[in-house]
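A.B. asks:
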Amino acid sequence: MNWQWFHRLGSPRWFYEKTDAWVPWLVILAWGLLLVGTVWGLGFAPMDAKQKDSYRIIYVHVPVAFISMACYYIMAIAGAVGLIWKMKLPYMVMKSAAPIGFAFTIIVLATGSIWGRPTWGTWWEWDGRMTSYLVLSFLYLGIIALQNAFQSRDTADKASAILALVGTVNIPIIYKSVDWWYTLHQPASLNLTSAPKIHISMLYPLFTMIAASYIFFTLVLILYTRAEILRRESKTQWVKDLASGVPSKGDKA
Amino acid sequence: MHPVRKQRLLFVIAGVVVTSIAVGLIAYAMRENINLFYPPSKIAAGEVPPNRNIRGGGCVKPGSVVRAKDSLDINFILTDGAADVPVKFTGILPDLFAEGEAAVVNGKVDDKGVFIADQVLAKHDETYTPPEVASMNQQSDQKKEEEHKNDQAICKGLKNGA
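Chains as they are written, first to last, in this note's numbering: chain A, 3 to 255; chain B, 23 to 184.
#1: Pull up the distance between the alpha-carbon of residue 108 (chain B) and that of residue 169 (chain A), whole angstroms please.
#2: Kindly indicate if chain A contains any beta-carbon less than 9 Å away from that of residue 76 (chain B).
#3: What first and last residue would you give for the alpha helix (DSSP H) that runs through residue 17 (chain A)?
#4: With a cut-off of 9 Å, does the C-beta of residue 188 (chain A) fall near any C-beta of chain B?
#5: Can you look up residue 110 (chain A) in the DSSP assignment and give me helix, strand or coil?
#6: Please classify residue 182 (chain B): does DSSP put it in a helix, a strand, or coil?
#7: Under a three-way DSSP split, which group does residue 142 (chain A) fall into?
#8: If you run the structure through DSSP and keep just helix, strand and coil, what is residue 107 (chain B)?
#9: Sort A:47, A:83 and A:91 by Cα distance to residue 230 (chain A) and report the nearest one.
#10: How should residue 158 (chain B) be labelled, buried or exposed, when 16 other C-beta atoms within 10 angstroms of its C-beta is the threshold for buried?
#11: Suppose the cutoff is 6 Å on Cβ atoms and the five residues either side in sequence are ignored; what does the same chain contact list for residue 42 (chain B) look like?
#12: Of the choices A:176, A:236 and A:211, whose alpha-carbon is the least far from that of residue 56 (chain B)?
#13: If you compare alpha carbons, which of A:115, A:7, A:239 and A:84 is closest to residue 60 (chain A)?
#14: Return the CA-CA distance between residue 227 (chain A) and residue 48 (chain A), expressed in angstroms with no decimal places.
#15: Using a Cβ cut-off of 9 Å (strictly closer), state whether residue 66 (chain A) contacts chain B.
#16: Just to make sure I have the definition right: I need the residues of chain B whose C-beta is within less than 8 Å of the C-beta of residue 201 (chain A). Which are they?
#17: Let me know the secondary structure DSSP gives residue 137 (chain B) once reduced to three states.
#18: Between residue 110 (chain A) and residue 63 (chain A), how many whole angstroms is the CB-CB distance? I'm expecting something under 8 Å.
#19: Ends of the beta strand (DSSP E) at residue 97 (chain B)?
#20: Check whether the Cβ of residue 175 (chain A) lies closer than 9 Å to any Cβ atom in chain B.
#21: Output the distance between the C-alpha atoms of residue 87 (chain A) and residue 136 (chain A), rounded to the nearest integer angstrom.
#22: So, for residue 121 (chain B): in the same chain, excluding its five sequence neighbours on each side, which residues have a beta-carbon less than 6 Å away from its beta-carbon?
#23: Check whether the Cβ of residue 7 (chain A) lies closer than 9 Å to any Cβ atom in chain B.
#24: Output, in sequence order along the chain, the residues in the stretch 203 to 216 of chain A whose CB is closer than 7 Å to any CB in chain B.
#25: Which stretch, first to last residue, makes up the alpha helix (DSSP H) that contains residue 169 (chain A)?
#26: Can you find a CB in chain B that lies within less than 9 Å of the CB of residue 90 (chain A)?
#27: How is residue 197 (chain A) classed by DSSP in three states: helix, strand or coil?
#28: Taking just the CA atoms, how far does residue 161 (chain B) sit from residue 90 (chain B)?
#29: Using three-state DSSP, classify residue 50 (chain B) as helix, strand or coil.
#30: In angstroms, rounded to a whole number, what distance separates the CA positions of residue 81 (chain A) and residue 248 (chain A)?
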């Protein structure tokens, strides 16, 4: 098998130049879908029979929860690729994913708490879902801390990648916690094996918000990674040329 | 693939698998403790520590909620179909607390087997329906209820769990 294409993916410069054209499109798409989904979900979707309008927090909580878990896998897989192939770019993606994932996890915990107070009657309960989610936020914090704890870039990246990989075990636990144990949190309304438990009129705006969140996340991850590329490659000629506004010399990497 | 990379790939996979098995075994060993609450059948069978703070969870039996006229006292029965546990609570209930819905209660079981709750939480199920659709469903539910009058109330929010 020819692995050349794969190694080219590992070039920070290639990534930086390739994504240059994507950013404006992703910005338009992400903000457009977020706007449509928010207005649709908050303004036009019918209210829930039992929870009334408080259920509308689902349009933030659920999409952001999807992303915060998907982000962890991206971070861990990037870490694994970095460990195995010793490529620079995956480590930069891994480092960039951690603060984004942490921010999303905090939003999930906050919105869940705000919803829980009127619905359940409590801000917080130590049930399987909530506790495992708190662990997820600590894992992200751990990665951020490890990134800053070492003098050597290489050591920091390796240590973070190992922690990220070990932490992947938490993701299926979060996902299945509501099925495996008695929890206060309800089971999933959306899953691949059965029909959605959300009425179709509420589901379309939710899907819009999920799509919007994925695109928004992709955009933010690309922007963070681009910043990280410039930071780490600041001594290379192509970044110096970019910074001084000199047109780059040909297309050689 | 380069043999060195292949070896590192195997190391990574082995690491993830081994930690997953380790965490899986820990979770399996602690499965009773990870549960947020005891089901009514365990409480009724006396399998819970007496006079210690525990949580119980189940379906609020339809027709069992009795409110005192001059105070915030409330009595109701938690059921899981197999057993009933009487609950006594003084205070304000969450908005979603209702007969036929799931609830989680926090408190102690007294000598008579009555659950003295100092906190009642409503457990929401995973369904989301607009009011019009819900009232249509309710009508069909009532038909079903007439057909199965002897069946125990089933809380949708309680389908999960061991």
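Ideal Cβ placement from N, Cα and C applies to all residues, glycine included.
Since the model is a prediction, treat every value here as computed from it, not as a measurement.
C.D. replies: For this structure:
#1: Between residue 108 (chain B) and residue 169 (chain A), the alpha-carbon positions lie close to 42 Å from each other.
#2: Against chain A, the CB of residue 76 (chain B) has no partner CB under 9 Å away; the residue lies outside that interface.
#3: Where residue 17 (chain A) is concerned, the enclosing alpha helix (DSSP H) starts and stops at 14 to 21.
#4: With its beta carbon less than 9 Å from one in chain B, residue 188 (chain A) belongs to the interface.
#5: Helix.
#6: Its pLDDT being 42, under 50, residue 182 (chain B) is placed unreliably in this model, and the value from its coordinates should be taken loosely. Looking at residue 182 (chain B) - three-state DSSP - the assignment turns out to be coil, as it is neither helix nor strand.
#7: For residue 142 (chain A), the secondary structure class from DSSP, reduced to helix, strand or coil, is helix.
#8: DSSP places residue 107 (chain B) in strand when its eight states are reduced to three.
#9: The residue with the shortest Cα to Cα distance from residue 230 (chain A) is A:91.
#10: Around the beta-carbon of residue 158 (chain B), fewer than 16 other beta-carbon atoms lie within 10 Å, marking it exposed.
#11: Apart from the 5 residues on each side of it in sequence, residue 42 (chain B) has no Cβ closer than 6 Å to any other Cβ in its chain.
#12: Ranked by how close their Cα comes to the Cα of residue 56 (chain B), the residues A:176, A:236 and A:211 have A:176 in first place.
#13: Residue A:115 is the option with its Cα nearest to residue 60 (chain A).
#14: Distance between the alpha carbons of residue 227 (chain A) and residue 48 (chain A): 39 Å.
#15: Residue contact check for residue 66 (chain A) against chain B: no CB pair falls below 9 Å.
#16: The contacting residues are 150, 151, 152 and 155.
#17: Residue 137 (chain B) carries a strand assignment under DSSP once its states are collapsed to helix, strand and coil.
#18: That belief holds up - the Cβ atoms of residue 110 (chain A) and residue 63 (chain A) are roughly 6 Å apart, short of 8 Å.
#19: That run of the beta strand (DSSP E) goes 95 to 101.
#20: Closer than 9 Å to some Cβ of chain B, the Cβ of residue 175 (chain A) qualifies, so yes.
#21: When the Cα atoms are used, residue 87 (chain A) and residue 136 (chain A) turn out to be separated by approximately 32 Å.
#22: Excluding sequence neighbours, residue 121 (chain B) sits near 82, 84 and 87.
#23: The C-beta of residue 7 (chain A) comes no closer than 9 Å to any C-beta of chain B.
#24: Cβ contacts with chain B: 203 and 204.
#25: Its alpha helix (DSSP H) spans residues 155 to 169.
#26: Not one chain B Cβ lies under 9 Å of residue 90 (chain A).
#27: In the structure shown, residue 197 (chain A) sits in coil (DSSP, three-state: anything other than H, G, I, E or B).
#28: Answer to the nearest angstrom: the Cα atoms are 30 Å apart.
#29: DSSP, reduced to helix, strand and coil, places residue 50 (chain B) within a helical segment of the structure shown.
#30: Their Cα atoms are separated by approximately 34 Å.
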